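Visitor: In this note's numbering, each number is its position in the sequence shown, counted from 1, plus 155. The beta carbon of each residue, even a glycine, is placed where N, CA and C say it ideally should be. Model, not experiment: these values are computed from the prediction.
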Amino acid sequence: MSVGDPFRREVETLPEQFLWEPEARGRLAGEAPLVIGGMGGSALAGDFLALRLEGRRPVTVVRDEVLPPGIAADAEVLCISCSGNTGETLALREEALARGHAVAAIASGGELLERTRAADAVRCAIPGGLSPRSSLGYMIRAGLAVVGVEDREGPAVAEHLTGIRERWVEPGLGEQPAEAFEVAWLLHGTLPVLASVEAHTAVAARRWAADLAENAKMIVATWGFPEAAHNQIMAYAFPGDQNLRPVLLTLGEVRHPARRRRWEVTEQLLRDRGATLRRVADPHPDPWIEALGLAYLGDWVSVLLAEFEGLPAADLNLMNELKARLRQPE
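1) Can you check which of these residues, V216, G195, F162, is closest to M474 by C-alpha distance?
2) Does DSSP put R163 in a helix, a strand or coil?
3) What residues in its chain sit with their C-beta under 8 Å from that of A461, if we drop five residues either side in the sequence?
4) Does DSSP classify L247 as helix, strand or coil?
5) Output the distance between the C-alpha atoms of P412 and E186, rounded to the nearest integer angstrom.
6) If you drop the 5 nearest sequence neighbours on each side, which residues of the same chain put their C-beta closer than 7 Å to that of V358?
7) Tell me which same chain residues have a C-beta within less than 6 Å of the C-beta of L208, skipping the five on either side of it?
8) Out of R163, W323, G292, which one is the CA nearest neighbour of W443?
9) With a threshold of 16 other CB atoms inside 10 Å of the CB of M389, please say whether the residue is buried or exposed.
10) What does the alpha-carbon distance come out to for the pair D228 and H256?
11) Judging by CA-CA distance, which residue of A230, V348, G303, L316 is the nearest neighbour of V375?
12) Taking only the alpha-carbon atoms, compute the straight-line gap between W323 and R270 and give it to the nearest angstrom.
13) Following the continuous beta strand (DSSP E) through T345, name the residue where it begins and the one where it ends.
In structure tokens:
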């Protein structure tokens, strides 16, 4: 993948997206529980919105075509589909309307935006032309506008993301090594295990897992601590029996003192068992911005890893085939 590769250019645009000013048509009430429905990259935008809205209102992210049981009768539903044609999200919208929920939409176009415009419901159009996984900033900015949150953090986010690229990636485009390249090379031919200890790093880990699957076509495991210490660390009980060498990546710094102590003991135990561990951190005082930075770093690591593996990062042929088969009559 060359520096001028179109998909690499998509990845580069994320900092600029947080300077984009959305024009929402209407806004949700902002007091009732919020359900965010989406799939893939659109659902990941919902995860970051939920993290940003923590403490303001209850938020549930739904990755399905039906609403889960127990959704409050007064809950508002925000449907996000970058393309506007995601079948599961369109079905979720129709069910939410049938159950009497207020429904808003975010899309670049397609059926979702068309139906929402026809109903004159709350909506926000995002710029098109990018893949869903490359439109994260647009969807987050649009979501904050739709739920009525004044977002003054865009410049701070853009600055931090630009710094991520400058610190972790750009040195590797010349003669000097860069850490993003080192992390990608470490994962080459392995089973990446993404470890998260804090809530905001768990969101970043989910983004890494999606990136590594979509861009580098890798199977990935995610471990959330302390729960993983009660089950998943047993995978290292007999490390000589591993068929594929796992590499444990710890995302972000551990902020809570009790969690830090628990993680440090766990980390040392795993090292004693021969585990390969690598901490990936670029701290920021705001956990939400730190999580976005880690997510952006995962974007870069995944496309660099695809280059090492000789794979086309932008290619989603298997997913496209699945969608095509689902459109065929039964």
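Guide: Working from what's here:
1) G195
2) helix
3) M156, N370, A371, K372, P467, A468
4) helix
5) 33 Å
6) D202, F203, L206, A446
7) V214
8) G292
9) exposed
10) Note that residue 228 is Ala in the sequence shown here, rather than Asp. Whole-angstrom Cα-Cα distance: 7 Å.
11) V348
12) 42 Å
13) That residue, T345, is in no beta strand (DSSP E); it is neither H nor E in DSSP.
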